[in-house]
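For reference, the structure is listed below as structure tokens.
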Amino acid sequence: HLSNLRGLKTGTLRLACATTAKYFIPHLLGPFCKRYPGIEIQFTVANRRQVIERLEQGLDDFYVFSHLPQGLDIDVIEFMANDLVAIAGASHPLTKKNRVSLEEFCQQDFLIRENGSGTRFATEAFFAKQPVKPNVRMTIASNEAIIHSVLSNLGVSILSAHTLAFGEIYDVKVINVDSLPIKSQWSFSWIKGQTLSPIAKVFLDYVETEGREMMAKAVKL
Ligand code: PGA
Numbered sequence: 028h029l030s031n032l033r034g035l036k037t038g039t040l041r042l043a044c045a046t047t048a049k050y051f052i053p054h055l056l057g058p059f060c061k062r063y064p065g066i067e068i069q070f071t072v073a074n075r076r077q078v079i080e081r082l083e084q085g086l087d088d089f090y091v092f093s094h095l096p097q098g099l100d101i102d103v104i105e106f107m108a109n110d111l112v113a114i115a116g117a118s119h120p121l122t123k124k125n126r127v128s129l130e131e132f133c134q135q136d137f138l139i140r141e142n143g144s145g146t147r148f149a150t151e152a153f154f155a156k157q158p159v160k161p162n163v164r165m166t167i168a169s170n171e172a173i174i175h176s177v178l179s180n181l182g183v184s185i186l187s188a189h190t191l192a193f194g195e196i197y198d199v200k201v202i203n204v205d206s207l208p209i210k211s212q213w214s215f216s217w218i219k220g221q222t223l224s225p226i227a228k229v230f231l232d233y234v235e236t237e238g239r240e241m242m243a244k245a246v247k248l
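Just so we're aligned, residue 28 is where the sequence shown starts under my numbering, counting upward by one.
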């Protein structure tokens, strides 16, 4: 059982993550790879629809979403909250207000992620239940490009709070809008009944026992 000793595990772990998960999945992988230096990781970052396509083709061990696909035979563990928050550039007048009504927020130019994005899916599902709708001005297929567009005063947006929690510090502010944030949960999923490789089993165990706490520490929201 030498190969089961710490550090001697080998094999490939394949993960497919919706783009918004790219801010924290590496923080989960860092300590794991240190513990098992013999493993190779294939980490695919794509929007929700592309991750669903990979799941349908069975290309990876785990699929990370915050908005789970319906009608697929999958096993799921939830591991972290994902709040979608309203944002604006720091100089935007709405950032000076303690509270903004949804109606006033909807009067602003709104920047939305592309079709196929989980963030867009959740935003549309939220507004479908509201009496007011956002004034969509631009569709932008990247969280970072939305943030830069918000910074150049092209409009406001709703993005995962994780987009603001890592890396470059942007001069972006969360606006306190009625009925927001949109609440969702990050989850790991895998195809039901699929035999997990030894390294995938070890990784799942790691996510369940240590991963949640590690994420909570890494994510400073
Ligand atoms: P994204 O979000 O596709 O907008 O990056 C991921 C998700 O919410 O599932």
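Where is the CB? At the ideal position from N, CA and C, for every residue including glycine. No experiment lies behind these values; they were computed from the predicted model shown.
In this structure the stretch 38 to 55 lies against the stretch 212 to 229, because at least three pairs of beta carbons, one per stretch, are closer than 8 Å. Look at F153: its beta carbon is at least 7 Å from all of the heavy atoms in the ligand PGA. Non-local C-beta neighbours of Q134 in its own chain, meaning closer than 8 Å and more than five positions away in sequence, comprise N162, ordered along the chain. Remark: the shortest separation between the CB of H189 and any heavy atom of the ligand PGA does not fall under 7 Å. Distances from the CB of A149 to the heavy atoms of the ligand PGA include at least one below 7 Å. Within the stretch 165 to 231, the runs of beta strand (DSSP E) at least 3 residues long that lie entirely inside it are, in chain order, 183 to 187, 199 to 202, 209 to 218. Beta-bridge partners of N109 (DSSP): S211. Collapsing the DSSP output to three states places G143 in coil. Pairwise C-beta distances place the stretch 176 to 194 out of contact with the stretch 65 to 79, as fewer than three of them are shorter than 8 Å. Under a 10 Å Cβ-count criterion, A155 is classified as exposed, with fewer than 16 other Cβ atoms of the shown protein chains found around its own Cβ.
Under DSSP, V103 takes part in a beta bridge, and its partners are S216. Under the three-state reduction of DSSP, L42 is assigned to strand.
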